[in-house]
Amino acid sequence: MIVSFIDFFRDRLKATIRWCYVLLVVVAIWGSFFVDNSHAHTSWEKFPFFWSVFGFFACALIIIGSKWFGHLGIMTREDYYDD
Amino acid sequence: MTNIWNHPAFIMIIGALLLPLFKGSARKPYLLLVPVISFLTVCGLNHGVYGVVNIIDWQLTFGRVDSLSQIFGFIMSLMCIVGTLYGLHEERAVDHMAAWLYVAGSLGVIYCGDFLTLFVFWELMAFASVFLIWFRRRPQSLAVGYRYLLVHTAGGLVLLAGFILRYMETGGDLSFVQLDVLHPTLAIWMIMIGFILNAAVPPLHSWLPDAYGEASVGGAIFMCAFTTKTAIYALARSCAGFEILIPLGVCMALYGVVYAVLENDCRRLLAWHIISQVGYMVAGVGIGTEMAINGACAHAFAHILYKGLLFMGCGSVLYMTGKSKFSDLGGLYKKMPRTFIFTMIGGLSISAFPLFSGFVSKSMIIAAGFHEHILWAGFGLTLASAGTFLHTGLKVPYFIWFGKNNCSEETWEKAQDPPWNMQAAMFAAAFLCVFIGCYLPFLYDKLPYANHYHPYNGYHLSETLQILLFTAFGFFLLLKKLAPEPVISIDLDWFYRKGGKVFMWLVRKPIQAIDTAWGCVYKTVGIAGLMLTAKFSGWFDWNVIDTVVDGIARTVRLIGGSVRRLQSGQLQYNIFFAATIAAAAIFALAFV
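Each protein sequence line maps, in turn, to chains A and B.
Numbering-wise, this note's numbering puts 80 at position 80 of the first sequence, and it's gapless, one number per residue.
Numbering-wise, this note's numbering puts 1298 at position 298 of the second sequence, and it's gapless, one number per residue.
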């Protein structure tokens, strides 16, 4: 059952991706304009789409920054300590 | 716990020692019975101080039961049941014994009331847990275990030094209570350092991914739960409000995330995320308010379950396929679908998705940071939470169950959902992850302080969903950058791993050469000198000492003979000699 459920979405990958985009837009708009943000911790958070932008750039920063750091010489061959 | 033998730690110790006696069909019921008895004992404990023992000048307290110890005792003993169920198929008694003694160490620390008892149980944890690494039984397991032992022995010594200094500066008070962290002395610093080593706070963290990545499949389930969270308990008990812990915790949360990006081994990736998640708890302890301590405890509670679940999921893959590297896996959803679902629940829980356990615990610490206006800490931890979802919620499931299929034919053939007991343990942990996320009183009623935090409000929901969904968006956009690479990452363990090699080189080469040269010098110069000295001693003995001794003996014999001849027995001769000697003496006295 689990496999057929997953296959259902994989077989309709383009439609699934399209619906995911719709979900992203809906959540961003809902969070920015339809939620009471009077309890926000800082004034920055009251900017529309603040947390959407934060989430995306946090992800990009972590991936790109970490890979950059890794390629400074931190990532090395698996038998590095076996010499 | 009026009787000390009712202590949950002693139940586990006695249970472990008796385990080899239960063989065959009696083994499995016994394996489940002992952790259940320990768990029920924990549930039945009433607040108070029990098991106080006086030894020499010290008062040892084995059972201090309060709300802080109870929440940790509850989750540790519950996780022991889940972990034992997961490893139920393991037939070697020693594997279970090591795990149970490790749990006993943790429970002993949680319920003790003084630093001396804490130290004994603390070392029991380190000693027992190293066997969970060695029992992986790979050639490299031995070296990893020794490194683990080396680091923890060093940490234990720092802790002991802290306790001794504390004993001296307080005039003999070793109570395990809140320390004066606003005016920290050297003793308090050393105690804190000893604790944070076990919490894997950078730069004292490298032992964790090294050990947890190499631990046995069943052993890793215990290791991921007990050492770091027991350290969090110890910090919450004694170092709440120690401000240095806030930056350390935030750095830790981000450090783990960065290294997780680079990691190719799924269990090591999860280990990096333990560092990241424990960072939240360390920061929470550093903030030190009631809300933050509640958050640290709640997050430790939730973390033990979801991290155990994640290790169980990846451990199942390792157990069934023999592989744990992303570059050897992929596309397994058709072969291991239930394992995928359980692991996904763990991933969603650690990522703090609404309705899962992390959502109700992690946010409490972040909110406490914002509440205290420590904005950099609040945003830093929120940034790390995006990284958490990126790895454990997306990277792990994607590259094991979806993505490019890197499985060899043999791996693919072997892959299937694990035995029933492993699935049952994963189901139990997954159920609890969802239950905690949906039914708040189960966790919140156990917190040490009154709770006023409500995670389910519109703003928190929208904030979390935006961060998580746009993190997912970023993940799929940058997917190529995350493709697994068969590499390892150099970390601070480089210093002692390479340092150890340098030490061995020094021992084998220059020190050995000096030793050999010294041997030659000794053989040629030393032995000859020794022989010369011995000859001289012999000559001296024969010609000087013996001569003197023999001369004295001859003289004594001569005098003795003369005296003997003088002793004629006639009174007039005796009077004559006595008078002569007396006259000579008087003459001598008069003229000298």
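Cβ coordinates follow ideal geometry from the N, Cα and C atoms, glycine included.
In this text the structure is predicted, and so the values were computed from the model without any measurement.
Legend entry - Which of helix, strand or coil DSSP assigns to S1069/B: helix
Legend entry - S1351/B - DSSP class collapsed to helix/strand/coil: coil
Legend entry - Endpoints, beta strand (DSSP E) assigned at N1054/B: G1048 to I1055
Legend entry - M1223/B beta carbon less than 7 angstroms from that of A1231/B: no
Inset, instruction - Could you list the residues in the stretch 1455–1472 of chain B with a C-beta less than 9 angstroms from some C-beta on chain A, going in chain order? - result: N1457, G1458, Y1459, H1460, L1461, S1462, E1463, T1464, L1465, Q1466, I1467, L1468, L1469, F1470, T1471 and A1472
Legend entry - Residue ranges of each alpha helix (DSSP H) within the stretch 1422–1497 of chain B, 4 or longer: 1441–1444 and 1458–1477
Legend entry - Residues near V3/A by beta carbon distance below 8 angstroms, same chain, minus five either side: none
Legend entry - Local Cβ density within 10 Å of H1454/B, reported as buried at 16 or more and exposed below that: exposed
Legend entry - CB contact check: R1166/B to chain A, cutoff 7 angstroms: no
Legend entry - Outcome for H1460/B when other beta-carbon atoms lying within 10 angstroms are tallied against a minimum of 16: buried
Inset, instruction - Report yes if the CB atom of S1357/B is closer than 7 angstroms to the CB atom of M1422/B, and no otherwise. - result: no
Legend entry - C-alpha distance - A1199/B paired with D1445/B, whole-angstrom precision: 25 angstroms
Inset, instruction - Could you tell me the distance, in whole angstroms, from the CA atom of L13/A to the CA atom of D7/A? - result: 9 angstroms
Inset, instruction - Could you check how far apart the C-beta atoms of G1393/B and G1330/B are, in whole angstroms? I think they sit under 8 angstroms. - result: At roughly 17 angstroms, the Cβ-Cβ gap does not stay under 8 angstroms, so G1393/B and G1330/B are not in contact.
Inset, instruction - Quick one: grab the DSSP three-state call for R1564/B. - result: helix
Legend entry - Where R1137/B falls, given that 16 or more other Cβ within 10 Å makes a residue buried: exposed
Legend entry - Chain-order list of residues whose beta-carbon lies under 8 angstroms from that of H1096/B (same chain, five-residue window excluded): A1016, L1019, L1031, T1084, G1087 and E1090
Inset, instruction - Please confirm if H71/A has its CB atom under 7 angstroms from at least one CB of chain B. - result: no
Inset, instruction - Run the CB neighbour count on I1293/B, radius 10 Å, all protein chains shown included, and call it buried at 16 or more, exposed below. - result: buried
Inset, instruction - Have a look at A1298/B and A1368/B and give me their C-alpha separation to the nearest angstrom. - result: 13 angstroms
Inset, instruction - Evaluate the contact criterion for the stretch 1036–1046 of chain B versus the stretch 1143–1162 of chain B: three or more CB pairs, one atom per stretch, below 8 angstroms. - result: no
Inset, instruction - Establish whether the CB of F1370/B and some CB of chain A are separated by less than 7 angstroms. - result: yes
Inset, instruction - Would you identify the three-state DSSP class for T1411/B, choosing helix, strand or coil? - result: helix
Inset, instruction - Determine whether the Cβ of Y1333/B lies closer than 7 angstroms to any Cβ atom of chain A. - result: yes
Inset, instruction - Let me know the secondary structure DSSP gives F1062/B once reduced to three states. - result: strand
Legend entry - C-alpha gap between I1014/B and D11/A, whole angstroms: 56 angstroms
Inset, instruction - Report the rounded CA-to-CA distance for A1472/B versus L61/A, giving the unit in angstroms. - result: 13 angstroms
Legend entry - Per DSSP, the bridge partner or partners of R1137/B: Bridge partners of R1137/B: none, in fact.
Legend entry - Supposed contact pair G1284/B and I1365/B - C-beta distance, whole angstroms, cut 8 angstroms: 4 angstroms
Inset, instruction - State whether the stretch 1233–1246 of chain B contacts the stretch 1170–1188 of chain B, with contact taken as three or more CB pairs (one from each stretch) at a distance under 8 angstroms. - result: yes
Legend entry - Local Cβ density within 10 Å of F987/B, reported as buried at 16 or more and exposed below that: Given that chain B is displayed from residue 1001 to residue 1592, the structure contains no residue 987/B and the question cannot be resolved.
Inset, instruction - Below 9 angstroms between beta carbons is the criterion; list the residues of the stretch 19–39 of chain A that meet it against any residue of chain B, in chain order. - result: C20, Y21, L23, L24, V27, A28, W30, G31, S32, F34, V35, D36, N37, S38 and H39
Legend entry - R1237/B - DSSP class collapsed to helix/strand/coil: helix
Inset, instruction - Starting from F56/A, find everything on chain B with Cβ-Cβ shorter than 8 angstroms and list it in chain order. - result: F1470, T1471, F1473 and G1474
Inset, instruction - Using beta-carbon positions only, say whether I1350/B and Y1306/B come within less than 7 angstroms of one another. - result: yes
Inset, instruction - Rounded to whole angstroms, what's the CA-CA distance from R1268/B to S38/A? Just pull it up for me. - result: 41 angstroms
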